[in-house]
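Reviewing the structure listed below.
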Amino acid sequence: MSAQMLRVTEIEALSPLVKRFRFEHPHGAKLPLFSGGAHVVVEMPDGDMLRRNAYSLISDPQDGSGYEIAVRREDGGRGGSRFMHACVRQGDMLRISTPLNLFSLDMRARKHVLIAGGIGITPIIAQMQQLLRMQGRFEIHYAARSRREAAGLRLLPDLPHIHAHISDEGRRMDLGAILDRQPIGTHVYTCGPEGLIASVAQCTERLGWPKGSLHSEVFLAPPPGRAFEVTLARSGRTITVGPHQSLLEALEEAQVEIDWSCRGGACGRCETEVVSCHGRIEHHDHWLSEDEHSSQTRIMPCVSRFRGRELILNR
Amino acid sequence: MTIQFNDETFRDDYSYHNSAEAIRRFPFPFDKDDYMYAVNMEPHAGGREGSPFENRFDVDEHYVAEMRDREITLNEDPLRCQSLPHMELAGWDLLELIMECKAEDYPELFSLHRDGDRWHWINRPLGIDHKFTFLDPTTLPYGPMEYITRQAQGDFALLDQREGNLWMEAGMVTSQADWSLDFDIGMNFFEWHAPVPKAHEMGIFQRALKFLLAIQQGAPSRRLNWTMTVNPRLDTSPENYHKWGPEKRTLTPENVGEKQFLRVELQTFFRLPRSNGLAFPIRCYLISLQDLVTVPKWGRRLHRVIRDLPDELAEYKGFAVNRQLIIDYLAQFDDGKPTSPGIFPDE
Amino acid sequence: MPATKFTPSITSRPVYDGLTPHGAVPALMLANGPGGEALLELIKTDPTIPGHAHVIYIPEGCGFGKTLESKGFASYFEAASYASVLPRFRKLLAEAGMNTRLYLAGTEGLIGQATSEALEAGMLPEAIDAEHRGSLARRMQCVHCKGITENVTTDPFTCSHCGLSLFVRDHYSHRHAAFQGVCVDAETPGEIPPRQEIKA
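Protein chains in written order, with full-length UniProt numbering: chain A, 1 to 315; chain R, 1 to 347; chain B, 1 to 200.
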């Protein structure tokens, strides 16, 4: 995964829990452009640990002068967002990957309906900028608990087809009303909690929409769990994955060469063959098929874990 | 480095020829003495100096003549260049990629000056000096993909990525090994490869697709493909099959070395930034058997590959009817000695 | 006439999985000839369908029109040909919603052309049900002159535009709604193999 060192040039609080960060090249060089919905992976050297978290880009995809992300502090998380909030200062240098898009717009669509819940607004912001520039037809529906917490409000222009649904003001998002009677050729993009994505899927199924019109992105942080051991077939070594560590991070710590990119179970880059498995793989990814999950012959080390006697990987 | 551009033709009198230097740098596609399909991808991140792998878009002595041949083909059949409406942004991505790469890799031949969206492009070999506005198609004489691919060797396909698949939805195709853009445009990866024998059963396309979907910006990949063509003809299209087909039956033991060409495609794959599409340039290189056998390793190896190839592949690649003639000719250059690994000539 | 069973072929060759009911969503139905019977069988499995279905039927000499007309469809229209009904079909597609289902039944030429129109209008393939009934004739694009020859029943056949003898490939383009026809005597002009009937 290619990456470069960029300087933090702006930090701004968008809400009590969300900060916006801007990165620029230290010598002002142009950064690779991207498409709406793309993310970058930010490397965070936290003591002797190297964390890598993926964040959606919220800046204009056509503007190579800098990258911007918005980070919500997750106090119950594994520490990446706390590091960004507490330790990163303006002027710091951080390693940022080349943008990658697993949530791109379908450019054939007659109309785009963009639905975001909470911090899920971030990829939608860049998609919106792309649609504005290309004069695509779209509407945005952004749901947040309260106006104070709704960081996205600072990033969305005041346009008639951009709607905020603030639940503590009694304006909860009504998916049925949004999705009913959309014209042929509509595509729907949802980003937010798994519950929101599931609700959009249920609602469109009830309305009789084809599944192919649905697009979604859940950013999975690697879930914590019990520590487990893994044996590496090529070297015969056995390594331990800590409770707050992902298998991918443990492999990296053990200097095992492994390709990766989204670190969230979606891109398929770190897919690893299982040589033998006595126990149960806890699959958390969106990449492998159901058959591949149940056969326990493949694993996505970025998000999946293991419980049982022995797991041997072809690494 | 200065390139002497050949004055040559790819039709009628077929005056196409390779200089000694062009023979030496030919992208010979076989790294061992037999051939079967494989997902033979490698990073397209430079290569041996002087080889066609060194630069992202190789420019060689055939450049000017190939562009002239493309113009003739397009005049006869404008449908060789098509782009579905949603692919225009990918076309601009491709234009930027080619202009940037050529200006960086061949500064004495090409230059690009940018002032915001105001661009100034100079192509010295073709005598083009053009100012235009990036992303404004009304400032170009053709759509962005057609404009730049009239100035770049090889065929080009632009692939849209969606639903976990790749869709061929734009292209400039005038030097193809017998497939029709007009017919295949709009198809997904499995559909446009449907006529290829064996490879589906081998799972080749499943694996290749997974690889291609994951290609990232700034990290292009490449592979080589090959077939055989009688006469140095770029336009071996199905559209004109009834025109070039009869030439396939003109081979004799006396002329096979001169008229039979090995046709190699250097296929590269680039992730495009704004559209998230994939650019798929397919660069064609032609070498006559008599030129090829001047490299002893290649003569030995090609003989063994063609001799031992499964019949279905020879049939699909369209040279089954001439296969024995080719084998008999090449046999003279195969003394049975072992060959060294890799594709390059022995020093 | 039952639904046609085709021999498995290459991946670009379309397969027709038959018509199945999809509940109380708006439906567009288009059928020709024996395809009318497929619509009748469909509504037998779910009698609530006609209430929200608009039907276009091209009889081509088949007698299913009277029965179809009596089934109480939201609208029923009998057309002389696909070409004559195309403007009406396009308008219905343009006004369709995201939950509209398209049911196609009849020959490959009709299914293919209607599918191509629907995809162009923004419909997704999974919203389209198709069942093949009737003639095995194919719609062929001549790769040389680009002309379409309708109702091709033999391989090889003569291009109705440029007159070349073409062999019938299974390679299929959704955009053209046609199979590919390629010159059969390109390498050896005049050597044309005997004609054979196209099989399923």
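In this text, a Cβ means the ideal position worked out from N, Cα and C, and glycines have one as well.
It should be emphasised that the depicted structure is a prediction, and the values quoted were computed from it without experimental measurement.
In the DSSP annotation of this structure, the continuous segment of the alpha helix (DSSP H) that includes K210(R) starts and ends at I204 to L213.
If you keep only unbroken beta strand (DSSP E) runs of at least 3 residues inside the region 97 to 140 of chain B, you get 101 to 106 and 128 to 132. Shown in chain order are the members of the region 226 to 248 of chain R whose Cβ falls below 9 angstroms from a Cβ of chain B: S237, P238, E239, N240, Y241, H242, K243, W244, G245, P246, E247 and K248. Only R169, D170, H171, Y172, S173, H174, R175, H176, A178, Q180, V182, C183, D185 and A186 from the region 168 to 186 of chain B bring a Cβ to less than 9 angstroms from some Cβ of chain R.
Exclusion of the five residues before and after A250(A) leaves I239 and V241 as the residues of its chain whose Cβ lies within less than 6 angstroms of its Cβ. Below the 8 angstroms Cβ cutoff, chain R contributes P273, R274, S275 and N276 as neighbours of S35(A), in chain order. Cα atoms of S56(A) and I69(A): separation of roughly 6 angstroms, rounded to the nearest angstrom. Excluding residues up to 5 positions away in sequence, G36, Y57, P59 and E78 lie with their Cβ nearer than 8 angstroms to the Cβ of G65(B) in the same chain. Beta-bridge partners assigned by DSSP to F228(A): V241(A). Per DSSP, reduced to three states, the secondary structure at G195(A) is helical. According to DSSP, F21(A) shares a beta bridge with I11(A) and I69(A).
Chain B has a Cβ within less than 7 angstroms of the Cβ of R110(A). Note: V25(B) is not bridge-paired with any residue in the DSSP secondary-structure output. L89(R) has its alpha-carbon roughly 13 angstroms from the corresponding atom of Q135(A).
Rounded to the nearest angstrom, the gap between the Cα atoms of D291(A) and G203(R) is 17 angstroms. By the Cβ neighbour-count rule, L19(B) is buried, with 16 or more other Cβ atoms within 10 Å of its own.
Residue contact with chain B for W209(A): present (Cβ-Cβ distance below 7 angstroms to some residue of chain B).
Between L166(R) and R222(R), the alpha-carbon positions lie close to 17 angstroms from each other. In this structure, T339(R) and R301(R) form a Cβ contact; the two beta carbons are roughly 5 angstroms apart against a cut-off of 8 angstroms. It is roughly 24 angstroms from the alpha-carbon of K131(R) to the alpha-carbon of G171(R). Per the Cβ contact rule, the region 210 to 226 of chain A is in contact with the region 76 to 86 of chain A (3 or more Cβ pairs under 8 angstroms). Beyond the five residues adjoining it in sequence on each side, I10(B) comes within less than 8 angstroms, by CB distance, of D170 and H171 in the same chain, given in chain order. Measuring C-alpha to C-alpha distances from H163(A) to each of P193(A), I197(A) and M128(A) identifies M128(A) as the nearest. If one requires a minimum length of 4 residues, the alpha helix (DSSP H) runs lying completely within the region 196 to 282 of chain R are 204 to 213, 241 to 244 and 256 to 259, in chain order. For P193(B), no chain R residue has a C-beta closer than 7 angstroms to its own C-beta; the minimum C-beta separation is roughly 15 angstroms.
In this structure, DSSP gives G279(A) an extended state, which the three-state scheme calls strand.
Measuring C-alpha to C-alpha distances from A24(B) to each of L207(A), I299(A), R237(A) and T272(A) identifies L207(A) as the nearest. Bounds of any beta strand (DSSP E) do not take in D75(A), whose DSSP letter is neither H nor E.
Between G164(R) and L84(R) the beta-carbon gap is near 19 angstroms, outside 8 angstroms, which marks them as no contact. Taking all protein chains shown into account, Q153(R) has 16 or more neighbouring C-beta atoms within 10 Å of its C-beta and is therefore buried. Under the three-state reduction of DSSP output, G47(R) falls in the coil class, being neither helix nor strand. Put simply, the region 105 to 113 of chain R touches the region 53 to 71 of chain R. At least three CB pairs are less than 8 angstroms apart.
Annotation note: the region 94 to 139 of chain A contains the following uninterrupted beta strand (DSSP E) runs of length 3 or greater, listed N- to C-terminal: 111 to 117.
Under the three-state reduction of DSSP output, W298(R) falls in the helix class. With respect to the 7 angstroms criterion, D46(B) and P14(B) are not classified as neighbours on the basis of their beta carbons. With distances taken between CA atoms, Y103(B) lies nearest to M29(B) out of T67(B), I192(B) and M29(B).
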